[in-house]
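Report on the following structure.
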């Protein structure tokens with residue numbers, strides 16, 4: 001096989017859905033270049049939803065938004081790329097180029113250094129719909145279960161309960177960046193200020209930016225600050241009882257024990 005036959009790809013997935021890969025980078029580059037979600041969709045031959053999902057997925061993975069979006073208007077929704085967004089796009093392209101060179105070297109029997117081999121571990125698959133880049137705010141130590149408070153956005157914190165072994169293995173301490181995973185089916189919704197408030201129950205405030213009804217379940221997406229989005233999967237009957245509409249303010253609730261943490 002010649003070097004020209006190789007085309008290496010990097011892709012990050014969650015719950016079987018693409019978070020970031022070449023196809024989404026192409027969409028993000030289009031948004032960056034034209035500043036319009038609908039125009040980016042037209043130029044790339046994609047749906048508006050595909051472009052919207054690409055923007056929201058990358059915003060969730062970063063400590064601050066890659067794109068600042070505004071829904072509606074004559075251009076079908078505008079999006080302004082931030083410096084961190086430009087950096088992500090350029091870094092992805094640089095990393096993909098490096099991976100291609102590594103794979104070509106392997107095929108040519110020119111094994112690279114171990115640090116380069118580790119780039120093969122970047123295709124990650126996890127089983128949660130919600131993936132957030134967070135920072136550890138504080139740690140309440142305990143011989144068995146440790147309570148970790150995480151800053152997910154300027155408006156919202158998360159609480160995770162982890163075994164003490166995980167505290168040591170992940171080297172969790174204030175200021176440490178981590179990734180938090182929350183399965184959307186573990187999230188329940190309530191009107192602001194209503195519902196139960198337990199010590200180890202997360203309660204995040206957000207604005208409804210999307211609702212999709214299925215035969216049994218309903219997907220509700222909330223904007224929770226700093227361009228981050230949380231997805232809840234609830235029974236259609238519950239969504240109907242709450243009369244969920246775009247623009248509504250809701251509380252999203254889930255147990256601290258349902259938050260899974262990962263760290264570099």
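Numbering (full-length UniProt numbering), first residue to last: 1 to 264. No residue lacks a Cβ here, since even glycine has one placed at the ideal position from N, Cα and C. What you are looking at is a predicted structure, and each value in this text was computed from that prediction instead of being measured.
For residue i versus residue j, is the C-beta spacing smaller than 9 Å?
i           : j           : result
residue 190 : residue 251 : yes
residue 68  : residue 28  : no
residue 178 : residue 230 : no
residue 173 : residue 146 : no
residue 130 : residue 181 : yes
residue 168 : residue 158 : no
residue 63  : residue 176 : no
How big is the Cα-Cα spacing for residue i and residue j?
i           : j           : result
residue 192 : residue 213 : 22 Å
residue 216 : residue 233 : 10 Å
residue 160 : residue 225 : 19 Å
residue 206 : residue 246 : 11 Å
residue 85  : residue 204 : 25 Å
residue 81  : residue 97  : 23 Å
residue 185 : residue 228 : 18 Å
residue 113 : residue 92  : Low per-residue confidence applies at residue 113: pLDDT is 45, beneath 50, and the placement is therefore not dependable enough to give any value.
residue 90  : residue 210 : 30 Å
residue 154 : residue 56  : 17 Å
residue 36  : residue 50  : 13 Å
residue 243 : residue 33  : 38 Å
residue 148 : residue 260 : 11 Å
residue 30  : residue 44  : 7 Å
residue 140 : residue 162 : 11 Å
residue 262 : residue 170 : 7 Å
residue 253 : residue 194 : 11 Å
residue 201 : residue 183 : 15 Å
residue 1   : residue 222 : Residue confidence is low: residue 1 scores 40 on pLDDT, short of 50, so the model does not pin down where it sits. No coordinate-derived value is stated.
residue 83  : residue 166 : 34 Å
Just checking my contact of residue i with residue j at CB under 8 Å: how many whole Å lie between their CB atoms?
i           : j           : result
residue 208 : residue 220 : 6 Å
Spatial neighbours of residue i within its chain, please: C-beta separation below 8 Å, excluding the five flanking residues on both sides.
i           : result
residue 143 : 164
residue 46  : 27 and 40
residue 118 : The predicted model places residue 118 with a pLDDT of 39, which falls under 50 and marks its position as unreliable; any figure quoted below should be read in that light. Within the same chain, residue 118 has no close Cβ partners at all.
Go through its chain and collect everything with a Cβ distance to residue i's Cβ below 6 Å, but skip five positions before and after it.
i           : result
residue 24  : 54
residue 152 : 132, 134 and 158
residue 94  : none
residue 61  : 133
residue 218 : 234, 236 and 239
residue 257 : 161
residue 241 : none
Which same chain residues, not among the five before or five after residue i, have their C-beta less than 7 Å away from its C-beta?
i           : result
residue 42  : none
residue 4   : Annotation note: pLDDT 47 at residue 4 (below 50); position unreliable, coordinate value reported separately. If we look at residue 4 and ignore the five residues flanking it on each side, it has no Cβ neighbours.
residue 156 : 204, 205, 224 and 225
residue 138 : 149 and 174
residue 58  : 20, 28, 66 and 88
residue 52  : 37
Would you say the beta carbon of residue i is closer than 8 Å to some non-hydrogen atom of the ligand MG?
i          : result
residue 41 : Ligands are entirely absent from the displayed structure, and the ligand MG is therefore not among its contents.
- Item | Whole runs of the alpha helix (DSSP H) within the stretch 27-62, excluding any shorter than 4 residues | 37-44 and 48-61
- Item | beta strand (DSSP E) runs contained entirely in the stretch 148-175, provided each spans 3 or more residues | 157-163
- Which whole runs of the alpha helix (DSSP H) in the UniProt domain "Mop" (197-263) are 4 residues long or more, in chain order? 236-242
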